[in-house]
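Some notes on the structure that comes next.
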Amino acid sequence: MSNETTDEQRALSTIPYHELGAVHPDASVVGPTERYYKCGGEKAADLMAMCIGLKTFDLREAGNVDVEPYCSMKLKKKVTPTQKHFCEEIRRRCILEGLVPGPKCGNWEKKKCVAWLQAHPLDNKNDRAFVIAEERKLFDMVTKSDLEKEDKSEKKEKASPWVDTQPYIRLIECMLDDSIRESFLEMHRLGDREELDARNSEDRPETVFESCARLFNDPNHEVFSRCLPDLHFTFAEVLDCCFDHMPGRITPDEVKRRWGDCRAKLIKIIAKWELSGNGFGQRVEEDDEFGHMGDDELQCGENRANFLDSKTKEHILYLWHVSDDQEILKNVLSVISESCAASTLACSSVAPSDNASARKRKVDERALGFFRAKMSLAMHTMSRAAIWKELRETQEKLFESQLKVMKTKSTNLSELYMGRIRMLEANCTAIQECLDTLDCEEALNPRKKKKKRKNVPTQVRVAAGVLDSDDSDDSDDEDDDEDDANDPAGSKAASIGY
1 MSNETTDEQR ALSTIPYHEL GAVHPDASVV GPTERYYKCG GEKAADLMAM CIGLKTFDLR
61 EAGNVDVEPY CSMKLKKKVT PTQKHFCEEI RRRCILEGLV PGPKCGNWEK KKCVAWLQAH
121 PLDNKNDRAF VIAEERKLFD MVTKSDLEKE DKSEKKEKAS PWVDTQPYIR LIECMLDDSI
181 RESFLEMHRL GDREELDARN SEDRPETVFE SCARLFNDPN HEVFSRCLPD LHFTFAEVLD
241 CCFDHMPGRI TPDEVKRRWG DCRAKLIKII AKWELSGNGF GQRVEEDDEF GHMGDDELQC
301 GENRANFLDS KTKEHILYLW HVSDDQEILK NVLSVISESC AASTLACSSV APSDNASARK
361 RKVDERALGF FRAKMSLAMH TMSRAAIWKE LRETQEKLFE SQLKVMKTKS TNLSELYMGR
421 IRMLEANCTA IQECLDTLDC EEALNPRKKK KKRKNVPTQV RVAAGVLDSD DSDDSDDEDD
481 DEDDANDPAG SKAASIGY
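Heads up: the sequence shown at position 44 corresponds to 44 in the UniProt record's numbering, and the numbers run straight through without jumps.
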């Protein structure tokens, strides 16, 4: 093929490559190469091996991965054929050309395989058109991907200066400029009705963010940083922050966003600096001297740079120093007091009326009374049950001791058992007196009982045959137990020992 491009080739180069098959008379016929490519999963490495020995209509060597855009691909390995791909392509072309048996290429080097494929290119017109069209699709796709990558890199390079210090220095100097100082100091002032109604008017005055954006975008507005080598090594020399070194124009919304980000980071750094003591007392945000770096603090040296973390740049220190030097640090911070801020310590609430408070207090007292009554009843029930249990156990021990006295024949043991019997009788008497005291208190302070459903007397139910006589006795025992449980109890018996 000649290296010069003919008129026919130039005309064919303008035809979309997916339509190149229409140039050939047998374009509708699926060739063996197309079938092999699709059956193999349409792998890019197989396609690039098939392209060896072919040239496109613009005289570009098809399948050459050592030129652009393939050589700069991030996933170049996926489109680069290996020695295994070359050997398979050699065997396939030998079958198509009838070169059987073909060369034994299993141990060939990669260069020798490529040279053999270049010497034996595809002859079938349909196969050639298909391979060139598919390779062109891959070429266009990789080229488009590279263009998108370049576009992203350009945008990144355009925005990358905001990672540096100079754009922020220009923003800070413009925000604290004397020409917009009055607007800056009244930034958080609540406007009157006329100012609020004129917010959308064309004649309204500029906001501080619009004024700052105007100064920032003015090429004639020259800004130079201060020389502050003790503050940070970045400011050891004066930085030229002219508009030509900026990433571009800035909008008022972007000024507001970046300024708010600087303020938020500055508040955190100052809080850490104050919390450390900085050589003297720990001031809080409500103090007038909060964040002020005076001569007293400088006795220990300039150490504010030590409070920068990995995500905070040195322009925050510059904002701190400049605002403190101009005595407007309090306006820059503009921290809302906790007394009016909605936080976990101070949340807005509605004060209830006196009537509502009285009703709520009455309900709370009533609920507290119910709770105390229930607790008292529970404690009385538990105490009375404990006293009864103690009385029964004491009586059982007394009965056992009396039996042992009757069975023993030893005088010494009899005297010992008699002493134990006298002690148990005294305990039983004391416990019984405690129960009698509780009964007297219950009689003097009767409790209101809930109205119960009128039940049919037990005798009537027994006579009617609904209950047996044994069941009636059990029912009477349950009633007695219920009365015992409801009686109040004291704590006198708890101190009685054996």
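Where a beta carbon is used, it is the ideal one built from N, C-alpha and C, also for glycine.
Does DSSP put residue i in a helix, a strand or coil?
{"i": "residue 55", "result": "strand"}
{"i": "residue 61", "result": "strand"}
{"i": "residue 394", "result": "helix"}
{"i": "residue 108", "result": "coil"}
{"i": "residue 76", "result": "helix"}
{"i": "residue 328", "result": "coil"}
{"i": "residue 68", "result": "coil"}
{"i": "residue 167", "result": "helix"}
{"i": "residue 314", "result": "coil"}
Express the C-alpha separation of residue j and residue i in angstroms, rounding to a whole number.
{"i": "residue 99", "j": "residue 105", "result": "13 Å"}
{"i": "residue 507", "j": "residue 211", "result": "In this structure the chain extends from 1 to 498, so residue 507 is not present and cannot be described."}
{"i": "residue 235", "j": "residue 191", "result": "39 Å"}
{"i": "residue 217", "j": "residue 243", "result": "7 Å"}
{"i": "residue 271", "j": "residue 232", "result": "19 Å"}
{"i": "residue 175", "j": "residue 264", "result": "16 Å"}
{"i": "residue 82", "j": "residue 108", "result": "12 Å"}
{"i": "residue 93", "j": "residue 122", "result": "7 Å"}
{"i": "residue 137", "j": "residue 228", "result": "58 Å"}
{"i": "residue 320", "j": "residue 198", "result": "34 Å"}
{"i": "residue 219", "j": "residue 230", "result": "30 Å"}
{"i": "residue 237", "j": "residue 225", "result": "8 Å"}
{"i": "residue 170", "j": "residue 189", "result": "25 Å"}
{"i": "residue 416", "j": "residue 432", "result": "25 Å"}
{"i": "residue 372", "j": "residue 330", "result": "55 Å"}
{"i": "residue 148", "j": "residue 207", "result": "38 Å"}
{"i": "residue 267", "j": "residue 332", "result": "10 Å"}
{"i": "residue 392", "j": "residue 421", "result": "15 Å"}
{"i": "residue 213", "j": "residue 269", "result": "26 Å"}
{"i": "residue 252", "j": "residue 209", "result": "5 Å"}
{"i": "residue 49", "j": "residue 89", "result": "7 Å"}
{"i": "residue 245", "j": "residue 215", "result": "15 Å"}
{"i": "residue 383", "j": "residue 369", "result": "21 Å"}
{"i": "residue 322", "j": "residue 315", "result": "10 Å"}
{"i": "residue 112", "j": "residue 76", "result": "22 Å"}
{"i": "residue 277", "j": "residue 308", "result": "16 Å"}
{"i": "residue 410", "j": "residue 401", "result": "14 Å"}
{"i": "residue 118", "j": "residue 60", "result": "14 Å"}
{"i": "residue 62", "j": "residue 80", "result": "13 Å"}
{"i": "residue 259", "j": "residue 142", "result": "41 Å"}
{"i": "residue 39", "j": "residue 46", "result": "11 Å"}
{"i": "residue 551", "j": "residue 130", "result": "The structure shown does not extend to residue 551, since the chain is modelled only from 1 to 498, so the question has no answer here."}
{"i": "residue 146", "j": "residue 114", "result": "27 Å"}
{"i": "residue 413", "j": "residue 423", "result": "16 Å"}
{"i": "residue 279", "j": "residue 313", "result": "The predicted position of residue 279 is uncertain, since its pLDDT is 45 and thus under 50; a value taken from the coordinates is nonetheless stated next. In a straight line, the C-alpha of residue 279 is about 24 Å away from that of residue 313."}
{"i": "residue 408", "j": "residue 425", "result": "20 Å"}
{"i": "residue 387", "j": "residue 366", "result": "31 Å"}
{"i": "residue 101", "j": "residue 124", "result": "21 Å"}
{"i": "residue 30", "j": "residue 250", "result": "58 Å"}
{"i": "residue 70", "j": "residue 64", "result": "8 Å"}
Using a 10 Å radius around the Cβ and a threshold of 16 neighbouring Cβ atoms, would you call residue i buried or exposed?
{"i": "residue 304", "result": "buried"}
{"i": "residue 427", "result": "buried"}
{"i": "residue 257", "result": "exposed"}
{"i": "residue 134", "result": "buried"}
{"i": "residue 128", "result": "buried"}
{"i": "residue 86", "result": "buried"}
{"i": "residue 166", "result": "buried"}
{"i": "residue 57", "result": "buried"}
{"i": "residue 95", "result": "exposed"}
{"i": "residue 44", "result": "buried"}
{"i": "residue 163", "result": "exposed"}
{"i": "residue 195", "result": "exposed"}
{"i": "residue 434", "result": "buried"}
{"i": "residue 33", "result": "buried"}
{"i": "residue 126", "result": "buried"}
{"i": "residue 67", "result": "exposed"}
Any Cβ of chain B within less than 8 Å of the Cβ of residue i?
{"i": "residue 100", "result": "Chain labels in this structure do not include chain B; a single protein chain is all it has."}
Stretch-stretch touch, CB-based, cutoff 8 Å, three pairs: the segment 385 to 399 with the segment 362 to 369: no
What residue ranges within the segment 112 to 158 form continuous alpha helix (DSSP H) runs of no fewer than 4 residues, ordered along the chain? none
Go through the segment 239 to 266 residue by residue and report every complete run of the beta strand (DSSP E) that reaches 3 residues or more, in order. none
Would you list, in sequence order, the uninterrupted alpha helix (DSSP H) runs of no fewer than 4 residues that lie entirely inside the segment 187 to 241? Within the segment 187 to 241, the complete alpha helix (DSSP H) runs of at least 4 residues are 193 to 197, 208 to 216.
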